[in-house]
Amino acid sequence: MRPMAAERYDAPKREKHWQAEWEKRGLFRVAEDDPRPKYYVLEMFPYPSGRIHMGHVRNYTMGDVVARYMRAKGHNVLHPMGWDAFGLPAENAAIERGIHPAKWTYDNIAVMRSQLKSMGLSLDWSREFATCDLDYYHQQQRLFLDMRKAGLVDRKTRKVNWDPVDQTVLANEQVIDGRGWRSGALVEQREQPEWVFKITDYAQDLLDALATLDRWPEKVKLMQANWIGRSEGLLIRFETESAPKGHDVIEVFTTRPDTLFGASFIAIAPDHPLAKAIAESDRDAAAFIAECRKGGTTAAELETQEKKGYDTGVSVRHPVIQGATLPVFIANFILMEYGTGAIFGCPAHDQRDLDFARAKGLPVLPVVLPPGADAKSFAIADEAYTGEGTLINSGFLDGLSVEEAKNAIAERLVKTKIKGKAGAERQVQYRLRDWGISRQRYWGCPIPMIHCPVCGIVPVPERDLPVKLPDDVSFDKPGNPLDHHPTWKHVACPTCGGPATRETDTMDTFVDSSWYFARFCAPKAKTPTDTNAVGYWLPVDQYIGGVEHAILHLLYARFFTRAMHKTGHVSVDEPFKGLFTQGMVTHETYKDSRGKWVQPDEVIRKDGKAVHAKTGEPITVGPVESMSKSKKNVVDPDTIIAAFGADTARWFMLSDTPPERDIEWTAAGVEGAHRFLQRVWRLVHEAAGKGAHRGAAKPGEFGPEAESLRRAAHKAVAAVTNAVEKLRFNTAVAQIYELANALSAGLQAAGPKPAPDMAYALRETAELLVRIASPMIPHLAEDCWAVLGYDSLIAETPWPVPEKALLQEDTVTIAVQVNGKRRDELTIARDAAREDIEAAALKLDNVVRAIGGRKIKKVVVVPQRIVNVVA
RNA sequence: GCGGACGUGGUGGAACUGGUAGACACACAGGACUUAAAAUCCUGAGGGGGAAACCCCGUGAGGGUUCGAGUCCCUCCGUCCGCACCA
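Written out as C-alpha cells, the structure reads:
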C-alpha cells in the first residue's frame with residue numbers, strides 16, 4: 044500500500060503562476076554584453092491568420108526545449124518571436140468583411156500572442172515585431188535601395204501569370220490547374236515589367252555552400268540543389284541559311300554535344316527572336332505561335348500535349364558534317380526561359396526529340412551504342428537510348444565513350460569560327476531564375492521607386508523614407524488599391540521636381556521573411572541591422588520549421604544574407620547553421636452519413652463504433668490526414684491547454700513520434716501524456732516525503748538497491764542529454780519514462796521508512812528526473828522543484844552532469860551465441876580478459892548442449908558485447 | 001519520366017560505428033483496492049510448439065557478404081515526398 048497520493052496537479056492554475064513569475068524576473072531577456080557563449084534558437088515565425096494551430100504548438104515546443112536546454116547548459120540564449128504579417132489573406136478579409144487589413148492583422152496578432160504565452164515558451168518578448176510595422180518595412184526599403192546600388196536589383200520584362208479578374212500577378216504556387224486560386228479565372232501568360240532580385244548571381248555560390256551546411260537535413264540540401272539545377276554543357280553556334288536579317292546564327296545549349304552526329308533538326312521556342320522575325324513575313328508561322336501561347340502550362344496538360352512543330356523553311360549548316368543541313372522548326376515544347384530557347388534534336392537519344400521526329404518523319408540515326416549491343420542490328424524503336432555507350436556513326440568520335448566524345452567535340456568546335464565567333468563555348472546553365480518580387484497588392488512593403496516621365500525610374504531618396512502605405516484605401520474594385528488611390532502615387536520627381544508617380548507594386552512577402560532573423564538581433568536599431576548585435580548573434584544556431592519551406596523561404600533567406608553581407612548589413616553568408624524540419628500534425632478524419640466532414644470533438648466511441656456525440660448517428664472514420672479546416676480534423680490548442688495544461692500538450696508533441704515525422708494527434712495519447720504528468724507529481728511528492736536531504740548519506744555508503752537506482756538516474760541524465768542534443772525528443776521522453784518507472788519501483792521497495800542510503804538515492808533520483816524533464820514540461824518542473832524544497836527556479840538551475848563512475852557498471856551481461864544463434868547470456872567483470880570470457884562462455888550448460896559434442900572451429904569474442912562459438 | 005526517403009508486434013516507435021530485435025508508450029487482457037465506478041497499483045503479451053527447462057520461425061519479398069545482418073551489397077514489390085517538355 045502506498046501513502047495517500049498528493050492532490051492532483053492543477054495545471055492551468057499553476058502554469059499561469061509560473062509564466063507570471065518568469066516574466067516578472069525577466070528570465071528570457073537577453074543582451075549582447077554577456078560572458079556566456081551565445082546561442083540563437085529560432086522557429087519560423089507565424090503568419091497571423093487568426094489562431095494558433097497544432098503545427099505551431101509542435102514547432103514552438105521543440106524550439107523551446109532547445110532554448111531551455113541550452114540556457115541550462117550555460118548559454119546566453121536568444122529566442123525571439125514575431126509576425127510574418129503582410130499577405131493576401133488580410134486583403135481578402137478586407138474585401139469580404141470590410142475590415143481594414145491592418146486591423147485584421149493586429150487583432151489576430153493580439154489573440155495569437157496570448158495563445159503563445161499560454162504555452163509557457165521561454166521567449167524574449169521584448170524583441171517582438173510584425174513585418175507590417177512601419178519601422179520594419181521602412182528598414183526593408185533601405186535594404187532594397189542598398190541592394191539596388193549594389194547591382195542586385197533589376198527591372199525585367201518577362202512572362203508572368205496574370206489573373207485577368209483579380210488584375211494581379213500570381214506566383215506559380217497560386218495557379219491551380221491553370222486557374223487563379225481565388226478568382227477561378229484562366230490565368231494568362233503575359234509579359235510585364237517587374238522588379239527582380241538577382242539571385243542567379245549567386246546560383247553557383249548557393250549551390251557550393253550547401254556542402255558547408257552539415258547540420259541541415261540532406262533532403263533539404265538536395266531539394267535546393269535540384270532547384271538551382273546546374274547543368275554543364277556546350278553552347279553551339281549554327282550558321283543559318285536563308286534566315287531573316289540579323290539571324291545568321293542560332294545558338295543552342297546542349298548537355299549532349301556527343302550526339303551531334305545524330306542531329307536531324309533544330310527546334311526553337313515560339314517566343315524565340317528568330318521565330319518572331321519569321322512570323323513577320325509568314326502568316327502560318329504567326330498562327331502557329333499564337334496557338335502555342337494558348338496552350339496550358341499545367342503538368343496534366345503538358346503530359347497529354349502533342350509535340351507540335353512548324354517547319355520554317357530556314358535551315359542551318361551542320362557544324363561538323365560537310366554539306367549537311369538541318370531544318371529549323373518552331374516547336375511548342377521548347378522553353379524560351381531555359382538555355383538559349385533553342386535545341387538541336389537528336390531523336391535516337393532523347394525521348395522528346397524522338398517523339399517529334401516520328402511525328403515529322405525526320406531521320407533517327409543512333410550514334411551511341413549500348414554496351415554489348417551489335418552495331419549492325421542496333422536500332423531505335425519507340426524508346427530513345429539515353430544511357431552510356433560507345434560512339435558510332437560519328438566520324439572522328441567513333442569508338443569513344445560518351446564522356447570522351449563530349450570533350451572531343453567541344454575541343455573541336457571551340458576552335459572553329461562561325462561568323463567571327465567561336466563555333467562553341469563551354470557553358471553552365473542553371474534552372475534557377477531571378478526572383479520576381481513585384482506584387483500588385485496593397486498589404487505589402489511598398490517598393491521605394493518613382494517613375495518620372497523625364498528622368499526615368501529613380502529611387503526614393505533616403506530622406507523621404509519610409510514610403511508609408513496609405514490608411515484610406517478601398518477594396519471595392521479589382522486590382523491594386525494603391526493604383527486606385529486618388530493621391531498616394533502622385534509625387535514630385537526627386538531628381539527634376541516634375542510630376543511623377545510612385546511604383547505601386549509592393550514586395551513579395553517572402554522578402555519580409557528573408558531577413559527577420561537579423562532584425563531580431565536588434566529590433567529597434569535605426570538602421571536595418573546593428574553591426575554589433577548581428578556580429579554577436581548570427582548565424583542562427585538552430586532553426587526549426589516546416590519542410591514546406593525547404594526551397595522558397597530557405598533559399599531566399601540564404602540569398603538575402605549574401606546580399607546583406609555585400610551591402611554591409613551582416614558579416615555572414617549563411618543565416619542558419621543548424622536546420623531542423625519538423626513533421627506535420629495529423630488526425631483521423633470523420634464523415635457523417637451524408638458525406639459531410641465532422642469535427643473530432645463531435646465524435647464519440649460507443650461499443651467500439653464511432654457515432655455522432657449529439658445525434659448518435661454512425662460516423663465513418665476516414666484516413667489520418669494533416670489537420671486542415673476543410674476536412675474539419677482540427678483540434679484547437681486552446682481547448683487542450685484549458686483542459687489539461689500546456690505541459691500536457693508539450694509532452695504529447697514530444698512523445699512517441701520522431702520529430703521529423705508526422706505525428707498523429709489522438710485523444711488517448713493526450714490523456715496518456717496527462718496521466719504521466721500527474722504520476723510525476725505524485726512520485727516527486729512521495730520521494731520528497733521519504734527522501735533525505737543532501738548530505739544525509741555519504742558516497743561509498745550505498746547498498747546495492749540504492750546504488751542501482753542511482754545508476755539508473757545518472758544513466759538517464761546522460762541519455763536524455765544526448766537525445767536532446769540530437770533533437771531526438773521521442774527517445775528523451777522514453778528515457779524519462781524509464782527513470783520514472785525506476786523511481787516508482789524504488790519508492791515501493793524502500794517501504795515507508797527508507798534506510799539513509801535509499802532515502803538519499805530516492806531524493807536524488809526525483810531531483811534529476813525533474814531537472815531533465817524541465818525543458819519539456821517547464822511549469823510542472825517548477826512546482827516539483829518547489830516540492831523538493833527549493834526556493835530557486837528550475838529555469839535558472841544548471842543542467843545536471845552525470846557522475847561518470849555511475850555510468851559504467853563493474854559487470855556486464857553479454858550474449859553467448861552458438862553458430863550465430865543466441866543460446867545463453869553471461870554476466871562477467873567489465874574488464875575481463877578475452878580468454879576468461881571464452882572459458883566462462885564454453886562452460887555454460889546451454890552452450891555445451893547447443894554445441895552437442897561438435898568440434899569447436901572458432902570462438903569470436905567481442906569484449907563487453909558478444910561471444911559467438913562456431914562449431 | 002528524373003531524383004530522394006522509407007518499409008520492424010494490434011498501434012506509435014526503439015535498437016550508438018553490423019553484436020541479446022521489439023526499449024518506452026498507446027490500446028488490450030487478467031488481478032489488487034472499492035458497495036460500485038473512476039483514479040491508482042501489480043502482472044501478462046511478436047507467432048508457433050511444450051507442464052516446464054527449452055526449441056523452431058520472425059524486421060516488405062528473394063538472393064549475397066560475414067563468426068554474426070533490422071543495420072552493408074544486388075534484384076524485385078509497396079508507400080510517401082520533391083521536381084518535371086530543363087535541352
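In this note's numbering, the protein residues as written are 44 to 914. Positions of the beta carbon are idealized from the N, C-alpha and C atoms, including for glycine. As the structure is a prediction and not an experimental result, all values here were calculated from the model.
Do residue i and residue j have their C-beta atoms within less than 7 Å of each other?
| i | j | result |
| --- | --- | --- |
| Trp915 | Lys675 | Residue 915 is absent from the structure shown; the chain starts at 44 and stops at 914. |
| Leu85 | Val830 | no |
| Pro701 | Arg185 | no |
| Phe129 | Thr174 | yes |
| Asp477 | Ala427 | no |
| Tyr485 | Glu171 | no |
| Ala30 | Ile311 | Shown here, the chain extends from 44 to 914; a query on residue 30 therefore has no answer. |
| Pro795 | Arg814 | no |
| Phe372 | Asp396 | no |
| Leu812 | Leu850 | no |
| Asp551 | Ile480 | yes |
| Val100 | Ala692 | yes |
| Leu770 | Trp259 | no |
| Ile423 | Ala374 | no |
| Ser698 | Val776 | yes |
| Ile942 | Glu334 | Past the edges of the chain, shown from 44 to 914, lies residue 942, and the structure says nothing about it. |
| Pro123 | Asp167 | yes |
Do you know offhand how far residue i's Cα is from residue j's?
| i | j | result |
| --- | --- | --- |
| Pro618 | Thr298 | 33 Å |
| Ile894 | Ala914 | 6 Å |
| Ile142 | Thr549 | 20 Å |
| Asn911 | Thr870 | 15 Å |
| Val646 | His717 | 21 Å |
| Gly106 | His608 | 27 Å |
| Tyr370 | Pro300 | Note that residue 370 is Pro in the sequence shown here, rather than Tyr. Answer to the nearest angstrom: the Cα atoms are 18 Å apart. |
| Pro661 | His655 | 6 Å |
| Arg233 | Ile594 | 25 Å |
| Glu554 | Tyr599 | Residue identity check: residue 554 is Val in the sequence provided, not Glu. So the two alpha carbons sit approximately 8 Å from each other. |
| Thr211 | Gln483 | 5 Å |
| Glu878 | Arg601 | 58 Å |
| Arg280 | Leu303 | 12 Å |
| Ile706 | His533 | 53 Å |
| Arg806 | Glu261 | 44 Å |
| Thr243 | Leu475 | 6 Å |
| Asp176 | Lys59 | 29 Å |
| Leu726 | Asp251 | 53 Å |
| Pro207 | Asp519 | 16 Å |
| Ile880 | Gly69 | 58 Å |
| Ala342 | Phe399 | Because Ala342 carries a pLDDT of 39, less than 50, the predicted location of this residue cannot be relied on, and the following value inherits that uncertainty. Cα to Cα, Ala342 sits roughly 19 Å from Phe399. |
Just to check my reading of the structure: residue i and residue j have Cβ atoms closer than 8 Å, yes? What is that Cβ distance to the nearest angstrom?
| i | j | result |
| --- | --- | --- |
| Glu631 | Val664 | 6 Å |
| Thr610 | Asp189 | 4 Å |
| Arg273 | Val445 | Between Val445 and Arg273 the Cβ distance is about 19 Å, and since that is not below 8 Å, they are no contact. |
Among the candidates the options, whose CA atom is the shortest distance from the CA of residue i?
| i | options | result |
| --- | --- | --- |
| Lys116 | Pro818, Trp708, Ala876, Arg233 | Pro818 |
| Trp65 | Asn102, Gly163, Val590 | Gly163 |
| Ala318 | Val510, Pro78, Leu378, Pro843 | Leu378 |
| Glu714 | Tyr780, Ser165, Ala686 | Ala686 |
| Pro841 | Arg111, Ile293, Ser614, Ala730 | Arg111 |
| Glu139 | Gly588, Ala467, Ser517 | Ser517 |
| Val855 | Lys864, Arg866, Asn862, Ala872 | Ala872 |
| Ala568 | Met97, Pro362, Tyr180 | Tyr180 |
| Pro78 | Glu447, Ala883, His118 | His118 |
| Val891 | Thr283, Ala228, Val859 | Val859 |
| Gly863 | Lys901, Thr148, Lys202 | Lys901 |
| Lys620 | Tyr381, Lys652, Leu253, Trp168 | Leu253 |
| Thr530 | Asp514, Thr538, Cys539 | Asp514 |
Counting pairs of Cβ atoms below 8 Å between the segment 398 to 414 and the segment 431 to 441, do you hit three or more?
-> In short, these stretches touch, since the Cβ pair count reaches three.
State whether the segment 91 to 98 contacts the segment 440 to 451, with contact taken as three or more CB pairs (one from each stretch) at a distance under 8 Å.
-> The way I'd put it, the segment 91 to 98 doesn't touch the segment 440 to 451; fewer than three beta-carbon pairs between them come closer than 8 Å.
Please determine if the segment 506 to 526 and the segment 176 to 185 are in contact, where contact requires at least 3 C-beta pairs separated by less than 8 Å.
-> yes
If we count Cβ pairs, one from each stretch, closer than 8 Å, do we get three or more for the segment 752 to 768 versus the segment 785 to 799?
-> yes
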